[in-house]
Amino acid sequence: MFFKKIFLPFVLISFVAISSCKKENENPLIFVSPSYLVMDATAGEVITFYVNTSASKGVKRFQVFEKESTSFSTLILDSVVDGTKKFSFNYEYLVRSKAADYSVALTFKMIDNDGNETSAPRTLNVKHNFTPLTENTGNIMYSKMSGKADAYDLVNLSPLFSGISKDSVQDIKNANDTDSSHTLSRAWVSPAGGKFVMYSGFDYVNATKNSVVNAYNSGTKLDKVTDLKADDIIITRLGRDSATYAAIKIVAVVDEDSTHNDRYIFNVKK
Numbered sequence: 257m258f259f260k261k262i263f264l265p266f267v268l269i270s271f272v273a274i275s276s277c278k279k280e281n282e283n284p285l286i287f288v289s290p291s292y293l294v295m296d297a298t299a300g301e302v303i304t305f306y307v308n309t310s311a312s313k314g315v316k317r318f319q320v321f322e323k324e325s326t327s328f329s330t331l332i333l334d335s336v337v338d339g340t341k342k343f344s345f346n347y348e349y350l351v352r353s354k355a356a357d358y359s360v361a362l363t364f365k366m367i368d369n370d371g372n373e374t375s376a377p378r379t380l381n382v383k384h385n386f387t388p389l390t391e392n393t394g395n396i397m398y399s400k401m402s403g404k405a406d407a408y409d410l411v412n413l414s415p416l417f418s419g420i421s422k423d424s425v426q427d428i429k430n431a432n433d434t435d436s437s438h439t440l441s442r443a444w445v446s447p448a449g450g451k452f453v454m455y456s457g458f459d460y461v462n463a464t465k466n467s468v469v470n471a472y473n474s475g476t477k478l479d480k481v482t483d484l485k486a487d488d489i490i491i492t493r494l495g496r497d498s499a500t501y502a503a504i505k506i507v508a509v510v511d512e513d514s515t516h517n518d519r520y521i522f523n524v525k526k
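Structure, rendered in structure tokens:
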């Protein structure tokens with residue numbers, strides 16, 4: 257009897273320990289490179305994080321959260337995974353420019369199909385090295401069918417008539433309307449040879465030259481941007497001067513019943 261009193265608790269304890277270890281081993285694993293928990297960063301740069309994960313129950317979701325010291329945690333990426341047991345992802349993070357140095361915490365989280373989750377934190381200490389760009393507001397470009405200036409010179413920040421101006425100075429131009437209706441094309445091209453990047457997540461308020469250049473380099477270059485609407489952010493590198501970049505924020509797209517005043521109102525930082 258004495259043996260049983262000692263043996264049974266041992267069996268129970270061993271069983272609980274084995275069960276706990278098994279359950280713990282089923283949790284998803286996540287590895288993030290760079291592996292430094294705290295990193296120095298420069299405002300405007302793009303940091304690529306290489307993420308590798310595995311889960312015996314299958315990976316269900318991959319998320320990235322961002323939190324500055326004086327704000328709430330924000331979900332900045334939420335990706336549904338197809339249940340594979342191994343998942344790799346390269347995440348490019350654009351370090352925002354602000355008026356002073358700051359810190360931001362990133363959390364990479366993986367959730368498996370059973371709801372188990374694990375995460376890996378990274379903290380960026382951001383140095384402010386660049387002065388925010390000056391903004392030019394209230395720029396207007398019309399539809400060609402309006403009979404008014406339908407192109408724009410971003411170097412001199414002045415409107416142009418596409419029919420009488422050289423292509424080389426038309427950094428942006430309203431793409432021709434496809435028919436004779438009163439509908440604005442809501443599309444831009446660059447006769448001067450510039451390229452466009454649509455960047456809805458760009459930090460326009462704190463834009464610097466460095467952040468604009470990095471945003472352009474990390475985006476998909478387009479010869480034409482379409483479906484333009486208020487609050488769209490467009491990054492462009494000028495075709496006539498490859499060293500000049502500009503961030504454009506559309507304030508309003510006005511498409512009235514007639515074509516007389518169809519226009520775009522936008523702000524520019526360069």
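In my numbering, the protein residues as written are 257 to 526. Where is the CB? At the ideal position from N, CA and C, for every residue including glycine.
DSSP three-state call for residue i: helix, strand or coil?
| i | result |
| --- | --- |
| S498 | coil |
| K313 | coil |
| K465 | helix |
| Y472 | helix |
| S424 | helix |
| K525 | strand |
| S402 | helix |
| S364 | Correcting the residue identity first, residue 364 is Phe in this sequence and not Ser. Looking at F364 - three-state DSSP - the assignment turns out to be strand. |
| K477 | coil |
| N283 | coil |
| A299 | coil |
Can you list, in chain order, the residues of its chain with a C-beta nearer than 8 Å to that of residue i? Leave out the 5 residues immediately preceding and following it.
| i | result |
| --- | --- |
| Y256 | Residue 256 cannot be examined here, being either before or after the span of the chain that is shown, 257 to 526. |
Count the other CB atoms within 10 Å of the CB of residue i; is the residue buried (16 or more) or exposed (fewer)?
| i | result |
| --- | --- |
| N470 | buried |
| I420 | exposed |
| L293 | exposed |
| L350 | buried |
| G300 | buried |
| Y501 | buried |
| L389 | buried |
| V461 | exposed |
| G450 | buried |
| Y520 | buried |
| P284 | buried |
Residue j and residue i - do their beta-carbons sit closer together than 7 Å?
| i | j | result |
| --- | --- | --- |
| S376 | I286 | Contrary to the premise, residue 376 reads as Ala rather than Ser in this sequence. Result yes, Cβ atoms of A376 and I286 sit closer than 7 Å. |
| A443 | K400 | no |
| V315 | V337 | yes |
| Y472 | R493 | yes |
| V509 | L484 | yes |
| T515 | S335 | no |
| T309 | M366 | yes |
| A448 | S418 | no |
| V445 | G475 | no |
So, for residue i: in the same chain, excluding its five sequence neighbours on each side, which residues have a beta-carbon less than 6 Å away from its beta-carbon?
| i | result |
| --- | --- |
| L380 | M295, A297 and V360 |
| E280 | Confidence at E280 is low in this model, with a pLDDT of 47, below 50, so its placement is unreliable and no value can be given for it. |
| K323 | S329 and A361 |
| K526 | A502 |
The ligand ADP heavy atoms versus the CB of residue i: any closer than 6 Å?
| i | result |
| --- | --- |
| D370 | Questions concerning the ligand ADP fall outside what the structure shown contains, since it holds no ligand whatsoever. |
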